[in-house]
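A.B. asks: Right, I'll just put the structure down here and ask away after.
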Amino acid sequence: MTRADRILIFIVVSALPFLYTRMWAGNTDAGYLQIQAGNNAPITEALSPDRTLHIHGPLGDSVIEVNNGRARFVSSPCRGQICVQTGWLQTSGDLAACLPNRISLTLLGQHPRFDAINF
Amino acid sequence: MRCIRLLDVLLLTAVLTGCSNTGTVFQDRFFALGTLIEVSIYGVDPALATRASAQIEQDLLTMHSNWHAWQPGALSITNEQLATLKPFTPDPAVLPLLQEAGRLSQLSNGLFNPAIGKLIALWGFHDNALPIGSIPDSNAITALVQQAPGVNNVTFTGTQLVNHNPAVSYDLGAFAKGYAIDRTIERLREFGIQNAIVNAGGDLRAIGQHGDRPWRIGIRHPRQKGILASIELAGDASVFTSGDYERFFEVDGKRYHHIIDPRSGWPANKTTSVTVIHDNAAMADAASTALFVAGPDDWIEIARNMHIELVMLIDTDGIIHMTPAMQSRISLEPDTDAEIRLSKPAS
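Line by line, the protein sequences are chains A and B.
For the first sequence, our numbering gives the first residue as 25, with consecutive numbering after it.
For the second sequence, our numbering gives the first residue as 2, with consecutive numbering after it.
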């Protein structure tokens with residue numbers, strides 16, 4: 025076994041934990057934000073850089089904050105404010121919706137832990 | 002030789018990444034039935050999935066229009082006709098729905114009661130926008146409860162109905178979503194789709210599976226951020242949860258939610274959430290409401306009446322009540338430290 029062989033084996037063995045977590049272990053890191061406004065085509069937004077988005081719905085503008093790979097409703101012109109109270113979405117599959125203003129936020133990733141969430 | 006070794010590494014990497022292929026899932030989201038609908042379809046041509054999803058979006062919009070008790074449509078017209086206390090023939094779009102809702106109401110000993118629309122409206126939960134800080138007049142609640150509206154007050158003769166109780170008004174909010182999901186699954190099958198999930202605002206039915214593995218469903222914790230439990234579904238199963246966190250308002254720190262106990266006229270107050278798994282979504286929908294109302298003392302009896310085997314109820318003390326069958330199907334999250342009480346298996 026040459027020195028180059030040992031280096032190659034070292035590289036492969038070192039990469040296995042990374043590849044395992046990346047490919048099989050249910051990586052829940054969110055990749056991007058999908059915004060559904062009414063029944064229009066969904067809007068896809070990156071989770072960086074940090075910024076504020078204004079999305080128009082039938083009641084007015086919902087304000088969405090993207091910060092440090094997370095997203096949330098900052099404000100929405102609805103009565104219940106359930107969307108705002110949901111807080112930060114940070115894991116793939118997390119969802120918040122303002123039903124009166126017909127706007128939803130979903131974090132999507134390549135390897136979500138679940139295919140659907142029941143609540 | 003070094004080139005061959007390098008090739009080995011590249012092949013290994015290719016195998017590793019190739020094994021991670023999760024298959025193709027088409028996903029679509031839209032608003033219908035007053036909630037967010039999520040359609041996931043596995044393993045078919047995207048053009049077919051797109052057509053199927055567009056069709057069920059249209060179907061659900063039509064159902065919503067027909068079945069909404071408080072907006073102009075077939076059900077609101079039916080309620081107007083019921084109020085006359087005279088025989089009439091309802092729109093065919095609502096007749097089978099009323100018959101099935103009546104059957105399930107009787108199985109639930111009236112704890113799922115689709116005839117208490119006036120109570121729902123009194124609390125303000127009929128509106129898409131939540132009521133804020135307004136508890137109804139208790140005398141008005143008592144007056145409606147004493148009139149005891151129920152499905153037994155409505156007589157079906159063929160396609161004709163006659164109502165004998167002026168307090169009866171249908172609100173199918175605890176049932177129509179499940180019934181609608183069942184119709185969408187039928188529609189997907191007409192398109193030749195055998196592997197899919199239709200999720201309507203957190204209540205869902207899953208058919209088939211995700212490629213070579215079951216569908217993985219997370220059940221959200223009713224009081225904390227994150228997941229309480231998970232379940233794998235393969236074949237055909239509906240997962241419905243009724244919770245006090247879905248639609249509510251608070252007055253002086255007390256929560257008033259949308260699941261009204263027809264016996265008292267007030268929100269059922271011993272339960273936080275009930276999750277039911279059943280192959281029929283309409284049954285799962287009605288049962289989750291009935292068992293929520295039944296509460297930790299009576300849910301076992303009602304579940305047996307309704308032939309529901311998979312139930313998880315969380316009471317207001319955070320205790321998890323389950324059937325043994327449910328315990329064997331779901332996986333609670335490792336950090337769950339709640340007390341678990343199992344019902345005795347049905348004899």
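Ideal placement from N, C-alpha and C gives every residue a C-beta, glycine not left out.
Where DSSP assigns a beta bridge to I220 of chain B, which residues make up the other side?
C.D. replies: A:N142 and B:A230.
A.B. asks: Look at the alpha carbon of D29 of chain B and the alpha carbon of L61 of chain B, and state the distance between them as a whole number of angstroms.
C.D. replies: Cα to Cα, D29 of chain B sits roughly 14 Å from L61 of chain B.
A.B. asks: Taking only beta-carbon atoms, is K226 of chain B less than 9 Å away from chain A?
C.D. replies: With 9 Å as the cut-off, K226 of chain B counts as an interface residue toward chain A.
A.B. asks: Output the distance between the C-alpha atoms of P101 of chain A and T324 of chain B, rounded to the nearest integer angstrom.
C.D. replies: Roughly 42 Å between the two C-alpha positions.
A.B. asks: List the residues of chain A that D204 of chain B touches, going by C-beta distances under 9 Å, in chain order.
C.D. replies: Those within 9 Å of D204 of chain B in chain A are N142 and F143.
A.B. asks: From this set, B:I142, B:V95 and B:F192, which residue's C-alpha is nearest D262 of chain B's C-alpha?
C.D. replies: When only C-alpha atoms are compared, the closest one is B:I142.
A.B. asks: Which same chain residues, not among the five before or five after A75 of chain B, have their C-beta less than 6 Å away from its C-beta?
C.D. replies: Closer than 6 Å at Cβ, skipping near neighbours: N67, D92, A94 and V95.
A.B. asks: Which residues in chain B have a C-beta closer than 7 Å to the C-beta of A121 of chain A? List them in chain order.
C.D. replies: Within chain B, the residues near A121 of chain A are L37.
A.B. asks: Run through DSSP, which three-state label would L123 of chain A get?
C.D. replies: Three-state DSSP puts L123 of chain A in coil, outside helix and strand.
A.B. asks: Could you pull out every unbroken beta strand (DSSP E) segment of at least 3 residues lying fully inside the segment 135-178 of chain B, listed in chain order?
C.D. replies: List check, beta strand (DSSP E) in window: 155-158 and 161-164.
A.B. asks: Applying the criterion that 16 or more other CB atoms from any shown protein chain within 10 Å of the CB defines a buried residue, is P115 of chain B buried or exposed?
C.D. replies: It counts as buried.
A.B. asks: On the three-pair Cβ rule with 8 Å, is the segment 131-142 of chain A touching the segment 255-275 of chain B?
C.D. replies: In short, these stretches do not touch, since the Cβ pair count stays below three.
A.B. asks: Give every residue of the same chain whose Cβ lies closer than 7 Å to the Cβ of I198 of chain B, excluding the five residues on either side of it in the sequence, and list them in chain order.
C.D. replies: Closer than 7 Å at the Cβ level, and outside the excluded window around I198 of chain B, lie S41, L205, A207 and W216.
A.B. asks: Do L314 of chain B and Q328 of chain B have their CB atoms nearer than 9 Å?
C.D. replies: No, the Cβ-Cβ distance between L314 of chain B and Q328 of chain B is not below 9 Å.
A.B. asks: Alpha carbon to alpha carbon, what distance is there between Q195 of chain B and D118 of chain A?
C.D. replies: So the two alpha carbons sit approximately 26 Å from each other.
A.B. asks: Measure the CB-CB distance between L120 of chain B and V155 of chain B and report whether it falls below 9 Å.
C.D. replies: No, the Cβ-Cβ distance between L120 of chain B and V155 of chain B is not below 9 Å.
A.B. asks: Using CA atoms only, rank isn't needed, just tell me which of A:S128, A:N92 and A:S116 is closest to V108 of chain A.
C.D. replies: Checking every option, the nearest Cα to that of V108 of chain A belongs to A:S128.
A.B. asks: Can you list, in chain order, the residues of its chain with a C-beta nearer than 6 Å to that of I301 of chain B? Leave out the 5 residues immediately preceding and following it.
C.D. replies: So the list reads S344, once near-sequence residues are dropped.
A.B. asks: Can you list, in chain order, the residues of its chain with a C-beta nearer than 6 Å to that of G118 of chain B? Leave out the 5 residues immediately preceding and following it.
C.D. replies: Result list for G118 of chain B: A70, S170, Y171 and D172, in chain order.
A.B. asks: Decide if I278 of chain B is buried, meaning its Cβ has at least 16 other Cβ atoms within 10 Å, or exposed.
C.D. replies: Counting Cβ neighbours within 10 Å, I278 of chain B comes out buried, since at least 16 surround it.
A.B. asks: Would you kindly work out how many angstroms separate the C-alpha atoms of A95 of chain A and Y257 of chain B, rounded to a whole number?
C.D. replies: Each residue's Cα considered, the two are about 29 Å apart.
A.B. asks: Which residues in chain A have a C-beta closer than 9 Å to the C-beta of S231 of chain B? List them in chain order.
C.D. replies: Correct list: R137 and F138.
A.B. asks: Comparing C-alpha positions only, which one of B:A50, B:I220 and B:P97 sits nearest to T158 of chain B?
C.D. replies: For T158 of chain B, the nearest C-alpha among the options comes from B:P97.
A.B. asks: Hey, L333 of chain B and I341 of chain B: beta-carbon distance below 9 Å or not?
C.D. replies: Yes, these two residues count as a Cβ contact at 9 Å.
A.B. asks: Across which residues does DSSP place M1 of chain B in a beta bridge pair?
C.D. replies: As shown, chain B starts at 2 and ends at 348. That puts residue 1 of chain B outside it, with no answer to give.
A.B. asks: Ends of the alpha helix (DSSP H) at K119 of chain B?
C.D. replies: Taken as a continuous stretch (DSSP letters only), the alpha helix (DSSP H) holding K119 of chain B covers G118 to W124.
A.B. asks: Looking only at its chain, what residues have a beta carbon closer than 6 Å to the beta carbon of S274 of chain B, apart from the 5 residues adjacent to it on each side?
C.D. replies: Answer for S274 of chain B: P223, T242, G244 and I315, listed in chain order.
A.B. asks: Can you tell me whether DSSP reads G103 of chain B as helix, strand or coil?
C.D. replies: G103 of chain B: helix per DSSP, three-state reduction.
A.B. asks: Going by DSSP in three states, T242 of chain B sits in which element: helix, strand or coil?
C.D. replies: Reduced to three states, the DSSP call for T242 of chain B is strand.
A.B. asks: Whole angstroms is fine: what's the gap from Q210 of chain B's alpha carbon to L234 of chain B's?
C.D. replies: So the two alpha carbons sit approximately 7 Å from each other.
A.B. asks: Do A288 of chain B and I303 of chain B have their C-beta atoms within less than 9 Å of each other?
C.D. replies: The answer is yes: Cβ separation under 9 Å.
A.B. asks: One question on the structure: do F138 of chain A and I260 of chain B come within less than 9 Å of each other, judged by their Cβ atoms?
C.D. replies: No, they are not a contact pair.
A.B. asks: Chain B partners of P82 of chain A, CB-CB under 7 Å?
C.D. replies: Going along chain B, no residue has its Cβ under 7 Å from P82 of chain A, so there is no contact; the nearest lies around 10 Å.
A.B. asks: Give the residues of chain A in contact with H211 of chain B, contact being defined as C-beta atoms less than 9 Å apart.
C.D. replies: Going along chain A in sequence order, the residues near H211 of chain B (Cβ under 9 Å) are D139.
A.B. asks: Write down the C-beta distance between G84 of chain A and R126 of chain A rounded to the nearest angstrom, noting that I regard them as a contact closer than 8 Å.
C.D. replies: In fact, because the Cβ distance is near 12 Å, the residues do not count as touching under 8 Å.
A.B. asks: What residue range is occupied by the uninterrupted beta strand (DSSP E) comprising Q210 of chain B?
C.D. replies: Counting along the chain, Q210 of chain B falls outside any beta strand (DSSP E), and DSSP gives it neither H nor E.
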